[in-house]
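Student:
2 protein chains.
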Amino acid sequence: MSKKLIGACIFGQSGGPTAVINASAYGVIRTALDAEEITKVYGAAHGIRGVLDDKLYVMDEEDPKELELLLHTPSSELGSCRYKMADPEVDDTDYRRILEIFKKYNVRYFFYNGGNDSMDTCNKISRYMESVGYECRVMGVPKTIDNDLFGTDHCPGFGSAAKYIATSCMEISKDSRVYDNGMITIVEIMGRHAGWLAASSGLASYFGSGPDLIYLPETDFDMDQFFADIERVYHKNGKVLVAVSEGIHYADGSFVSEAKTSATDGFGHAQLGGLASMLANLVKAKTGAKVRGIELSLLQRCAAHIASETDIEEAYSAGKRAVEEAVKGTTGYMVAFHRQMDDGKYRCELTLVPLASTANYEKKIPLAWINDEHNGVKQELIDYVLPLIQGEPAIPREHSLPRYARLKKVLA
Amino acid sequence: MSKKLIGACIFGQSGGPTAVINASAYGVIRTALDAEEITKVYGAAHGIRGVLDDKLYVMDEEDPKELELLLHTPSSELGSCRYKMADPEVDDTDYRRILEIFKKYNVRYFFYNGGNDSMDTCNKISRYMESVGYECRVMGVPKTIDNDLFGTDHCPGFGSAAKYIATSCMEISKDSRVYDNGMITIVEIMGRHAGWLAASSGLASYFGSGPDLIYLPETDFDMDQFFADIERVYHKNGKVLVAVSEGIHYADGSFVSEAKTSATDGFGHAQLGGLASMLANLVKAKTGAKVRGIELSLLQRCAAHIASETDIEEAYSAGKRAVEEAVKGTTGYMVAFHRQMDDGKYRCELTLVPLASTANYEKKIPLAWINDEHNGVKQELIDYVLPLIQGEPAIPREHSLPRYARLKKVLA
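As given, the protein sequences belong to chains A and B, one line each in that order.
Each residue of the first sequence is one higher than the last, beginning at 153 in this note's numbering.
Each residue of the second sequence is one higher than the last, beginning at 153 in this note's numbering.
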């Protein structure tokens with residue numbers, strides 16, 4: 153055990169929000185408030201931007217009951233950002249500013265909750281603080297609905313999004329088969345380079361009624377094959393439900409949706425979307441059938457009302473463990489999940505992986521879990537996702553509507 | 153009490169599905185199976201089309217446990233249709249065919265579950281059977297997420313859709329405010345001529361966080377005012393959440409979305425949709441801000457996973473009452489809801505209204521419940537909707553996914 157390090161901590165949320173990122177926030181904040189080594193708990197407004205802008209909320213000032221409601225409050229309650237920091241070796245302006253803020257508040261612990269890019273940010277800050285000899289323990293807490301984070305079996309946020317997607321696809325499947333005329337429905341699901349979310353729609357097909365066809369970014373998309381697949385199912389059943397990942401791409405790597413928009417987000421990623429209606433128009437022109445495009449849009453990443461209890465518990469435990477480890481002396485690691493399947497029963501252990509090993513790698517679906525026709529998923533994928541969506545949380549409600557945390561957000 | 157009428161019954165589902173239309177189906181089917189006057193219970197495949205096509209499922213053959221699962225199964229389990237029948241005075245072909253089928257199966261009870269157009273169908277069949285002297289008791293069971301059915305305080309299906317919309321808008325509101333840059337989000341909600349559903353998004357604003365602006369088809373839409381409203385909120389808060397009904401229209405009556413599509417459904421209504429992205433593009437061009445359009449699409453009418461328990465109970469009771477009344481001798485009526493507010497507590501009584509009085513009228517939101525700026529709703533609207541979304545049903549699940557009814561659908 154390392155020597156006791158006494159000081160304040162900063163916690164920040166980064167990247168796209170999820171249904172359970174605030175459960176991790178609660179794991180960090182609650183544990184930090186209770187840790188005697190941590191003198192003050194600050195929440196950064198909009199992630200690392202809040203540190204750079206000296207905009208920190210004092211979590212010690214919050215009502216503990218409201219903080220607890222973070223377990224069921226979707227989105228990033230402290231605000232998020234997509235700010236990409238330079239390499240400190242190239243431009244250390246931001247890092248010098250962060251150091252200044254850390255010194256101002258005697259910050260000795262930094263916890264950052266996010267995906268690939270955020271772990272990269274986290275890693276750079278950790279390296280910089282070490283290089284200038286400022287003692288600060290830096291820990292990453294994983295988060296992403298995309299489930300593409302390297303070094304961990306899965307990511308908090310994914311299970312709840314997968315549950316929403318599977319349930320919604322069951323409902324859409326029921327609805328889209330209701331009339332006595334033909335109908336083709338195309339559902340667009342998030343996932344830029346990894347198809348975990350779109351693949352999760354397969355749960356609906358396995359356990360009720362769901363997509364007949366699923367297209368993922370792990371394989372190359374072929375428009376002619378797509379038309380042929382749809383026409384085959386259409387002629388057989390008169391109804392077709394198709395799930396497509398927003399990130400499907402041709403063999404040359406170009407996104408199928410690419411023609412639709414040229415906007416990019418702060419990290420230079422193409423902003424996707426509108427794919428469902430584009431494909432719907434193409435299929436309509438090709439088949440003459442009635443075709444509907446549905447984009448699950450933001451709904452799939454913020455649907456706390458149908459979150460997975462397993463996901464909430466794991467998100468919370470990851471935040472909690474990050475603080476416990478840091479207090480014990482660990483730094484430069486991300487909390488990760490290691491799956492155990494004893495007697496066929498799912499159990500998850502928390503482990504630690506070096507931040508450097510997770511940053512900027514993307515974990516994709518193994519090709520062996522995708523069917524040979526590249527239009528569906530295999531049992532292995534179902535077995536992987538199913539444990540992650542289990543359990544119905546007791547959602548705090550008022551007037552039968554969700555009651556979210558109402559934080560005071562007192563500035564330091 | 154009329155004389156006992158012994159014979160079979162046919163039950164049919166019509167129009168757009170809802171999250172609870174099958175709860176009404178269960179109310180009809182269960183009560184009819186238990187009624188000694190009713191010798192056989194047939195479910196028509198795809199509503200009146202199933203009668204015309206002699207495609208009837210024998211409900212007596214179903215497993216009672218599976219039938220009970222209809223309480224939580226979204227969409228129209230027997231199939232629906234949008235088939236418009238001619239006036240029997242003009243063309244009685246369909247009616248002669250229906251009479252033939254009624255005679256073939258000794259059908260003495262006909263229950264039809266739907267909205268305005270379906271009550272019209274129901275009324276025509278009732279009048280025809282009377283005119284030819286065939287004794288058959290015809291009862292309508294109300295259903296429509298649009299809540300525009302005349303003669304009833306509200307409609308089964310509306311409460312659950314309103315709950316989904318309010319909850320989703322709370323979640324979207326949380327999600328769309330997460331970044332530190334400006335953001336305008338436009339949510340498109342169903343409702344062709346009546347804005348009850350879009351107005352229900354106001355619950356999110358009243359009880360948490362929801363739309364800043366709501367536009368309804370009850371008032372004329374003005375694009376310049378729309379831009380001005382959005383810019384005002386944007387400059388104040390940097391974030392704007394807007395809810396629009398798909399049926400918003402200009403002062404000349406033309407739909408704002410009209411330019412987008414010329415397709416029509418079977419009743420000659422324009423098929424709307426794509427409005428959110430159209431408005432998003434216009435607002436983006438006007439403001440230069442980041443704008444996102446979200447269409448709630450089918451999801452809002454099939455989200456049984458977040459149904460209102462009140463809605464399920466009322467849907468069931470309406471179906472049950474229709475059968476009980478018919479057995480007692482009533483015919484030519486629709487079951488309706490009469491709201492009681494004793495001591496400020498909501499209670500609903502079932503009443504009967506003549507089919508002729510409900511058919512083809514559309515009930516809209518009173519203008520007094522819409523704010524003077526025509527961009528939001530007043531307390532009266534909230535007070536009206538709130539009781540209808542109350543209660544969380546115990547959803548039957550398998551693997552944490554909904555377990556829907558699996559009917560055998562044995563043909564007669």
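Quick reminder that beta carbons are idealized off the backbone N, C-alpha and C, glycines included.
Within its chain, find whatever has a CB closer than 6 Å to the CB of A:L539; leave out the 5 residues flanking it on each side and keep chain order.
Tutor: The question names Leu, yet the displayed sequence has Pro at residue 539 of chain A. Closer than 6 Å at Cβ, skipping near neighbours: Y498.
Student: List, in chain order, every chain B residue whose beta-carbon is nearer than 7 Å to that of A:S176.
Tutor: Near A:S176 there are no residues of chain B at all, since even the closest Cβ is about 15 Å away, more than 7 Å.
Student: Report yes or no: do the segment 283-295 of chain B and the segment 320-331 of chain B share at least 3 C-beta pairs separated by less than 8 Å?
Tutor: Output reads no: the segment 320-331 of chain B does not touch the segment 283-295 of chain B.
Student: Take A:H306 and list the residues in its own chain whose beta-carbon comes closer than 7 Å to its own, dropping the five residues that flank it on each side.
Tutor: Within the same chain, A:H306 has close Cβ partners N299, F489 and L540.
Student: I'd like the list of long-range same chain contacts for A:Q492, defined as Cβ closer than 8 Å, with 5 residues on each side in sequence excluded.
Tutor: Counting only Cβ-Cβ distances below 8 Å, and skipping sequence neighbours, we find Y498, R499, C500 and E501.
Student: Between the alpha carbons of A:L553 and A:A380, how many angstroms are there, rounded?
Tutor: Taking the straight line from one Cα to the other gives about 44 Å.
Student: So is A:P226 in contact with chain B if we call contact Cβ pairs under 8 Å?
Tutor: It does: the Cβ of A:P226 has a partner Cβ on chain B nearer than 8 Å.
Student: What is the DSSP secondary structure of A:F302, reduced to helix, strand or coil?
Tutor: A:F302: coil per DSSP, three-state reduction.
Student: Work out the CA separation of B:G311 and A:S232 for me, nearest whole Å.
Tutor: Near 34 Å, if we compare the C-alpha coordinates of B:G311 and A:S232.
Student: I'd like to check one pair, A:A474 with A:V193: are the Cβ atoms closer than 8 Å?
Tutor: Taking 8 Å as the Cβ cut-off, A:V193 and A:A474 do not qualify as a contacting pair.
Student: Skipping 5 residues on each side, what residues in its chain have a beta carbon closer than 8 Å to that of B:E544?
Tutor: If we look at B:E544 and ignore the five residues flanking it on each side, its Cβ neighbours are E461.
Student: Output the boundary residues of the alpha helix (DSSP H) element that contains B:A346.
Tutor: Element bounds for B:A346: n/a, residue is neither H nor E.
Student: Can you confirm whether B:K560, when its beta carbon is compared against all beta carbons of chain A, has any partner nearer than 8 Å?
Tutor: False, the Cβ-Cβ gap to chain A never drops below 8 Å.
Student: Express the C-alpha separation of A:R234 and A:Y280 in angstroms, rounding to a whole number.
Tutor: Distance between the alpha carbons of A:Y280 and A:R234 is about 20 Å.
Student: Just list the residues that DSSP pairs B:D494 with in beta bridges.
Tutor: BP columns for B:D494 point to B:K497.
Student: Just the chain A side, please: which residues come within less than 8 Å of B:Q542 by C-beta, in chain order?
Tutor: Within 8 Å Cβ-Cβ: H551 and S552.
Student: Show which residues of chain A have a CB atom less than 8 Å away from the CB atom of B:I458.
Tutor: Under the 8 Å cutoff, chain A gives H457 and I458.
Student: Just the C-alpha distance for B:D404 and B:E410, rounded to the nearest angstrom, thanks.
Tutor: Cα to Cα, B:D404 sits roughly 12 Å from B:E410.
Student: So what does DSSP say about A:K388, is it helix, strand or coil?
Tutor: Helix, per DSSP.
Student: Is A:G420 helix, strand or coil by DSSP?
Tutor: Note that A:G420 has pLDDT 46, beneath the 50 cutoff, so the model's placement of it is unreliable and no number is given.
Student: Consider the Cβ of B:P169: report whether some Cβ of chain A lies at a distance smaller than 8 Å.
Tutor: Judged by the 8 Å Cβ criterion, B:P169 is in contact with chain A.
Student: Give me the residue from B:H345, B:A564, B:P308 and B:A455 with the minimum Cα distance to B:M486.
Tutor: Checking every option, the nearest Cα to that of B:M486 belongs to B:P308.
Student: Among B:V408, B:A478, B:E282 and B:G334, whose alpha-carbon lies nearest the alpha-carbon of B:K388?
Tutor: It is B:G334.
Student: Residues of chain B with CB under 7 Å from A:D495, in chain order?
Tutor: None at all; the shortest Cβ gap to chain B is about 18 Å.
Student: Is the beta carbon of B:V394 closer than 8 Å to that of B:I341?
Tutor: No, they are not a contact pair.
Student: Answer yes or no: do B:Y261 and B:C274 have a C-beta to C-beta separation smaller than 8 Å?
Tutor: Not a contact, by the Cβ cut-off of 8 Å.
Student: Return the CA-CA distance between A:H551 and B:K156, expressed in angstroms with no decimal places.
Tutor: Each residue's Cα considered, the two are about 45 Å apart.
Student: Along the beta strand (DSSP E) that carries B:T191, what are the first and last residues, could you check?
Tutor: I190 to A196 is the extent of the beta strand (DSSP E) around B:T191.
Student: Between A:L349 and A:A314, how many whole angstroms is the CB-CB distance? I'm expecting something under 8 Å.
Tutor: Indeed, because the Cβ distance is near 7 Å, the residues count as touching under 8 Å.
Student: Could you please give me the residues that DSSP links to B:A488 through a beta bridge?
Tutor: Paired residues: B:T503.
Student: Taking Cβ to Cβ, would you say B:K207 is nearer than 8 Å to B:L563?
Tutor: Yes, the Cβ-Cβ distance between B:K207 and B:L563 is below 8 Å.
Student: With a cut-off of 8 Å, does the C-beta of B:M375 fall near any C-beta of chain A?
Tutor: With 8 Å as the cut-off, B:M375 does not count as an interface residue toward chain A.
Student: Please check the pair B:A441 and B:I336, which I expect to be a contact at CB under 8 Å, by giving their CB distance rounded to whole angstroms.
Tutor: Rounded, the Cβ-Cβ distance is 5 Å, consistent with contact.
Student: From this set, B:G471, B:D495 and B:A351, which residue's C-alpha is nearest B:Y536's C-alpha?
Tutor: It is B:A351.
Student: Below 7 Å on C-beta distance, what does A:C233 contact in chain B?
Tutor: Correct list: Y331 and D332.
Student: So, do the segment 222-232 of chain B and the segment 450-457 of chain B have three or more beta carbon pairs nearer to each other than 8 Å?
Tutor: Yes, since at least three Cβ pairs between the segment 222-232 of chain B and the segment 450-457 of chain B fall closer than 8 Å, the two stretches touch.
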